[in-house]
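Here's the structure, in structure tokens; my notes come after.
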Amino acid sequence: MDLVLRIIAAVGSLGSAVAMGTAEQTLPSFIQFIQFNAQYNDIPMFTFFVITNSIVCAYLGLSLPMSIFHIIRSSAAINSRIILVIFDTVMMALLTAGASVAAAIVYLAHNGNASANWFAYCQQFNSFCERTSWSLIGSFGGIIVFMLLIITSAVAISRR
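So the mapping is simple: this note's numbering equals the position in the sequence shown, first residue as 1, plus 2.
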């Protein structure tokens with residue numbers, strides 16, 4: 003179960019990073035030489051989101067051999083399992099921070115804020131906002147998988 007959950011979380015975080023990292027839309031204007039462009043790296047919180055998802059995906063890829071080792075040797079040292087749970091918790095916190103920051107910006111992009119004079123960005127850049135929203139869904143799905151991963155690992159440790 004640990005291996006499957008790690009693979010699912012890695013695919014979710016990689017998909018979210020790629021979807022956000024390739025989010026871009028260009029709008030033509032009435033003046034021929036001016037175009038309005040929206041990219042993920044225009045907003046620092048989206049850049050943080052891509053970086054955190056990439057770090058989490060790399061960690062999950064590096065933790066797969068340890069997971070396979072625990073499958074082969076089910077009586078493996080509890081210390082390695084505890085260390086893995088600690089790192090899983092840290093990575094879940096990092097993923098949650100990145101997804102939360104990006105979710106706040108996506109909310110503002112969809113709804114704006116009249117008291118701060120921020121207009122709804124997504125009224126003009128529909129494709130860009132749609133892609134960033136789907137990216138968030140994948141990242142929050144990864145957070146849920148991390149929670150399941152930590153719970154199953156804790157249960158496995160407590161049985162020893």
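Just so it is clear, CB atoms sit at the ideal spot from N, CA and C, and this is done for glycine as well.
Around the beta carbon of I145, 16 or more other beta carbons sit within 10 angstroms, so the residue counts as buried. In this structure, M22 sits near V52, with a CB-CB distance shorter than 8 Å. Counting the other CB atoms within 10 Å of its CB gives M3 a total below 16, which places it among the exposed residues. Here N113 carries a helix assignment [DSSP, helix/strand/coil]. For S18, the CB contacts under 6 Å within the same chain, skipping 5 residues up- and downstream, are N55, S137, G140 and S141 in chain order. Note on S69: 16 or more other CB atoms within 10 angstroms of its CB, so buried under the neighbour-count rule.
A79 sits in coil when the DSSP states are folded into three classes, being neither helix nor strand.
When the Cα atoms are used, L5 and M149 turn out to be separated by approximately 14 Å. About 5 Å separates the beta carbon of I10 from that of V147, a gap short enough to meet the 8 Å contact definition.
Cβ contact annotation for G63 (same chain, cutoff 7 Å, sequence separation greater than five): A12, in chain order. Restricted to the region 37 to 61, the beta strand (DSSP E) segments that are unbroken, complete and at least 3 residues in length are 37 to 41, listed in chain order. According to the DSSP secondary-structure assignment, E132 is paired through a beta bridge with no residue. In the DSSP assignment, M22 falls within the alpha helix (DSSP H) that extends over D4 to G23. Rounded to the nearest whole angstrom, the C-alpha separation of M93 and R8 is 12 Å. The Cβ atoms of A122 and H112 sit closer than 8 Å to each other.
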